[in-house]
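Numbering (full-length UniProt numbering), first residue to last: 1 to 226.
Right under this line is the structure:
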(Lines of atoms letter the chains of each structure in order from A and count residues from 1; the text may use other names and numbers.)
(Lines give C-alpha, C1' and ligand atoms only; values in the text may rest on other atoms or scores of the structure.)
Protein backbone atom coordinates (compact mmCIF):
# COMPACT_ATOMS: atom_id res chain seq x y z
CA UNK A 1 0.00 0.00 0.00
CA UNK A 2 1.05 3.60 -0.67
CA UNK A 3 0.14 4.73 2.84
CA UNK A 4 2.05 3.25 5.76
CA UNK A 5 -0.09 1.46 8.36
CA UNK A 6 1.27 3.83 11.01
CA UNK A 7 0.58 6.95 8.92
CA UNK A 8 0.12 10.16 10.92
CA UNK A 9 -1.99 13.00 9.54
CA UNK A 10 -2.34 16.56 10.84
CA UNK A 11 -3.80 19.88 9.72
CA UNK A 12 -2.64 23.08 11.39
CA UNK A 13 -0.76 20.98 13.95
CA UNK A 14 -3.94 19.15 14.98
CA UNK A 15 -3.90 15.34 14.52
CA UNK A 16 -6.85 14.18 12.42
CA UNK A 17 -8.11 11.16 10.55
CA UNK A 18 -7.13 11.34 6.89
CA UNK A 19 -10.71 10.30 6.14
CA UNK A 20 -12.17 13.47 7.66
CA UNK A 21 -9.47 16.01 6.76
CA UNK A 22 -9.32 18.30 3.75
CA UNK A 23 -8.11 15.43 1.56
CA UNK A 24 -11.50 13.74 1.95
CA UNK A 25 -13.19 16.27 -0.39
CA UNK A 26 -12.37 17.17 -4.02
CA UNK A 27 -10.68 20.54 -4.54
CA UNK A 28 -10.25 22.53 -7.75
CA UNK A 29 -6.53 23.33 -7.86
CA UNK A 30 -5.48 26.33 -9.95
CA UNK A 31 -1.75 26.24 -9.25
CA UNK A 32 0.66 23.90 -7.54
CA UNK A 33 4.38 23.91 -6.83
CA UNK A 34 6.33 21.02 -5.35
CA UNK A 35 9.73 20.55 -3.75
CA UNK A 36 11.44 17.16 -3.60
CA UNK A 37 13.88 16.47 -0.79
CA UNK A 38 15.84 13.42 -1.91
CA UNK A 39 18.03 13.47 1.20
CA UNK A 40 15.16 13.26 3.69
CA UNK A 41 12.88 11.33 1.32
CA UNK A 42 10.19 13.98 1.71
CA UNK A 43 8.11 16.35 -0.41
CA UNK A 44 6.44 19.72 -0.04
CA UNK A 45 3.53 20.95 -2.14
CA UNK A 46 1.90 24.36 -2.33
CA UNK A 47 -1.70 24.35 -3.57
CA UNK A 48 -3.67 27.43 -4.60
CA UNK A 49 -7.40 26.79 -5.00
CA UNK A 50 -8.74 30.22 -5.94
CA UNK A 51 -11.68 29.10 -8.07
CA UNK A 52 -12.75 26.33 -5.72
CA UNK A 53 -16.18 26.87 -4.17
CA UNK A 54 -14.32 27.23 -0.87
CA UNK A 55 -10.99 28.94 -1.71
CA UNK A 56 -7.83 27.66 -0.02
CA UNK A 57 -4.07 28.07 -0.03
CA UNK A 58 -2.51 24.92 1.38
CA UNK A 59 1.07 23.98 2.22
CA UNK A 60 1.66 20.24 2.69
CA UNK A 61 4.65 18.14 3.77
CA UNK A 62 4.83 14.41 3.13
CA UNK A 63 7.43 12.13 4.69
CA UNK A 64 8.31 8.73 3.25
CA UNK A 65 10.00 5.52 4.41
CA UNK A 66 10.29 2.19 2.60
CA UNK A 67 8.35 3.65 -0.35
CA UNK A 68 5.35 4.48 1.82
CA UNK A 69 3.95 7.75 3.13
CA UNK A 70 4.49 7.86 6.89
CA UNK A 71 3.34 11.41 7.67
CA UNK A 72 1.23 14.13 6.04
CA UNK A 73 1.24 17.58 7.62
CA UNK A 74 -0.61 20.57 6.20
CA UNK A 75 -1.03 24.24 6.95
CA UNK A 76 -4.52 24.91 5.58
CA UNK A 77 -5.51 28.56 5.15
CA UNK A 78 -8.78 30.08 4.02
CA UNK A 79 -10.93 33.18 4.58
CA UNK A 80 -10.01 34.92 7.82
CA UNK A 81 -6.44 33.68 7.96
CA UNK A 82 -3.53 36.12 7.74
CA UNK A 83 -3.86 38.34 4.63
CA UNK A 84 -5.78 35.54 2.92
CA UNK A 85 -6.76 36.17 -0.69
CA UNK A 86 -6.54 33.10 -2.91
CA UNK A 87 -7.18 35.17 -6.06
CA UNK A 88 -4.24 37.42 -5.25
CA UNK A 89 -2.10 34.43 -4.32
CA UNK A 90 -2.83 32.82 -7.68
CA UNK A 91 -2.20 36.01 -9.66
CA UNK A 92 1.19 36.80 -8.15
CA UNK A 93 2.39 33.24 -7.70
CA UNK A 94 1.77 32.45 -11.36
CA UNK A 95 4.06 35.31 -12.41
CA UNK A 96 7.08 33.89 -10.57
CA UNK A 97 9.83 31.77 -12.14
CA UNK A 98 10.67 28.55 -10.30
CA UNK A 99 12.62 26.72 -13.01
CA UNK A 100 15.44 24.28 -12.30
CA UNK A 101 18.75 25.91 -11.41
CA UNK A 102 21.71 24.75 -13.55
CA UNK A 103 23.76 22.20 -11.60
CA UNK A 104 26.87 24.37 -11.59
CA UNK A 105 24.93 27.23 -9.96
CA UNK A 106 23.01 25.27 -7.32
CA UNK A 107 23.43 26.11 -3.65
CA UNK A 108 24.07 23.39 -1.10
CA UNK A 109 21.40 22.22 1.32
CA UNK A 110 23.24 23.99 4.11
CA UNK A 111 23.24 27.33 2.28
CA UNK A 112 19.56 27.06 1.36
CA UNK A 113 18.46 26.13 4.87
CA UNK A 114 20.67 28.79 6.43
CA UNK A 115 18.99 31.46 4.29
CA UNK A 116 15.60 30.45 5.66
CA UNK A 117 16.84 30.28 9.24
CA UNK A 118 18.44 33.71 9.01
CA UNK A 119 15.18 35.10 7.62
CA UNK A 120 13.15 33.72 10.53
CA UNK A 121 15.82 34.61 13.10
CA UNK A 122 15.79 38.23 11.88
CA UNK A 123 12.15 38.55 12.99
CA UNK A 124 13.29 38.53 16.60
CA UNK A 125 16.73 40.12 16.25
CA UNK A 126 17.37 43.04 13.92
CA UNK A 127 21.12 42.42 14.11
CA UNK A 128 20.60 39.18 12.16
CA UNK A 129 20.91 39.98 8.46
CA UNK A 130 18.77 37.83 6.22
CA UNK A 131 20.39 37.26 2.79
CA UNK A 132 17.80 39.07 0.71
CA UNK A 133 18.51 39.26 -2.99
CA UNK A 134 17.68 42.05 -5.39
CA UNK A 135 15.02 41.64 -6.51
CA UNK A 136 13.13 39.81 -3.74
CA UNK A 137 9.37 39.52 -3.32
CA UNK A 138 7.23 38.07 -0.52
CA UNK A 139 3.75 36.65 -1.07
CA UNK A 140 2.01 36.95 2.29
CA UNK A 141 -1.38 35.30 2.07
CA UNK A 142 -2.57 37.04 -1.09
CA UNK A 143 -0.60 40.27 -0.61
CA UNK A 144 2.55 40.80 -2.71
CA UNK A 145 5.29 43.08 -1.46
CA UNK A 146 6.61 43.64 -4.98
CA UNK A 147 3.27 44.71 -6.44
CA UNK A 148 4.46 48.25 -7.15
CA UNK A 149 8.09 47.45 -7.96
CA UNK A 150 9.34 44.05 -9.11
CA UNK A 151 12.96 45.15 -9.46
CA UNK A 152 13.93 45.83 -5.84
CA UNK A 153 14.14 43.96 -2.54
CA UNK A 154 10.75 44.30 -0.86
CA UNK A 155 11.17 41.24 1.41
CA UNK A 156 12.68 42.98 4.43
CA UNK A 157 10.90 42.19 7.69
CA UNK A 158 11.35 44.55 10.66
CA UNK A 159 11.95 43.12 14.11
CA UNK A 160 8.84 42.01 15.99
CA UNK A 161 8.39 42.85 19.69
CA UNK A 162 10.48 40.64 21.97
CA UNK A 163 10.51 37.87 22.88
CA UNK A 164 10.20 36.35 19.43
CA UNK A 165 11.27 32.74 19.03
CA UNK A 166 10.24 31.02 15.82
CA UNK A 167 10.11 27.42 17.02
CA UNK A 168 9.06 23.97 15.81
CA UNK A 169 10.92 24.40 12.51
CA UNK A 170 10.51 21.52 10.06
CA UNK A 171 12.42 21.66 6.77
CA UNK A 172 12.07 20.46 3.20
CA UNK A 173 15.02 21.33 0.91
CA UNK A 174 15.20 20.98 -2.89
CA UNK A 175 18.61 21.95 -4.30
CA UNK A 176 17.44 21.61 -7.91
CA UNK A 177 14.88 24.42 -7.51
CA UNK A 178 16.75 26.28 -4.78
CA UNK A 179 13.60 25.60 -2.81
CA UNK A 180 13.03 25.50 0.92
CA UNK A 181 9.95 25.19 3.04
CA UNK A 182 9.85 25.67 6.79
CA UNK A 183 6.82 24.72 8.83
CA UNK A 184 7.08 26.79 12.00
CA UNK A 185 5.30 28.25 14.98
CA UNK A 186 4.64 32.01 14.57
CA UNK A 187 4.24 33.82 17.91
CA UNK A 188 2.89 37.38 18.31
CA UNK A 189 0.91 37.57 15.05
CA UNK A 190 -2.36 36.15 16.46
CA UNK A 191 -3.58 38.19 19.41
CA UNK A 192 -5.42 35.16 20.82
CA UNK A 193 -2.40 32.87 20.45
CA UNK A 194 0.56 34.81 21.86
CA UNK A 195 2.64 31.64 22.09
CA UNK A 196 2.28 30.99 18.39
CA UNK A 197 0.12 29.77 15.53
CA UNK A 198 0.86 27.36 12.63
CA UNK A 199 2.71 28.96 9.73
CA UNK A 200 4.71 27.93 6.67
CA UNK A 201 7.39 29.82 4.75
CA UNK A 202 8.39 28.66 1.28
CA UNK A 203 11.53 30.25 -0.17
CA UNK A 204 13.48 30.23 -3.42
CA UNK A 205 17.21 30.79 -2.93
CA UNK A 206 19.44 31.75 -5.87
CA UNK A 207 23.18 32.20 -5.44
CA UNK A 208 22.84 32.21 -1.67
CA UNK A 209 20.25 35.00 -1.62
CA UNK A 210 16.49 34.91 -1.19
CA UNK A 211 14.48 35.50 -4.38
CA UNK A 212 10.92 34.64 -3.34
CA UNK A 213 9.08 34.02 -0.06
CA UNK A 214 5.58 32.57 0.26
CA UNK A 215 4.03 32.74 3.72
CA UNK A 216 0.76 31.24 4.92
CA UNK A 217 -0.33 31.66 8.54
CA UNK A 218 -3.38 30.32 10.35
CA UNK A 219 -5.49 32.70 12.46
CA UNK A 220 -7.85 31.74 15.28
CA UNK A 221 -9.81 34.98 14.72
CA UNK A 222 -10.29 37.02 11.54
CA UNK A 223 -6.92 38.23 10.23
CA UNK A 224 -5.39 37.22 13.58
CA UNK A 225 -7.27 40.04 15.32
CA UNK A 226 -5.30 42.76 13.50
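A virtual CB, placed ideally from N, CA and C, is assigned to each residue, including glycine.
Assigned exposure category for residue i - 16 Cβ within 10 Å defines buried
i	result
residue 100	exposed
residue 103	exposed
residue 187	buried
residue 183	buried
residue 214	buried
residue 44	buried
residue 14	exposed
residue 150	exposed
residue 97	exposed
residue 81	buried
residue 93	buried
Member of the options whose CA lies at the smallest distance from the CA of residue i
i	options	result
residue 17	72, 41, 33	72
residue 175	15, 11, 36	36
residue 222	159, 189, 132	189
residue 12	6, 5, 21, 95	21
residue 229	211, 94, 122, 129	Residue 229 lies beyond the stretch modelled for the chain, which goes from 1 to 226, so this question has no answer here.
residue 31	107, 209, 25, 46	46
residue 2	33, 68, 19, 48	68
residue 197	211, 167, 135	167
residue 95	138, 134, 169, 40	138
residue 226	192, 136, 74, 199	192
residue 283	218, 131, 224	The question about residue 283 has no answer here: the residues shown for the chain are numbered 1 through 226.
Helix, strand or coil at residue i [DSSP, three-state]
i	result
residue 87	helix
residue 110	helix
residue 22	helix
residue 118	helix
residue 80	coil
residue 162	coil
residue 104	helix
residue 6	strand
residue 71	strand
residue 93	helix
residue 223	helix
residue 59	strand
residue 14	strand
Bridge partners - residue i, DSSP secondary structure assignment
i	result
residue 172	181
residue 136	153
residue 188	Partner(s): none; residue 188 has no beta bridge.
residue 33	46
residue 210	132, 205
Checklist entry - Is there contact between the segment 118–133 and the segment 46–62, where contact requires at least three CB pairs shorter than 8 Å? => result The segment 118–133, when compared against the segment 46–62, does not touch it at the 8 Å Cβ threshold.
Next on the checklist: Could you check whether the segment 71–90 touches the segment 160–169, counting it as contact only if at least three pairs of C-beta atoms, one from each stretch, sit closer than 8 Å?
Outcome noted: No, the segment 71–90 is not in contact with the segment 160–169.
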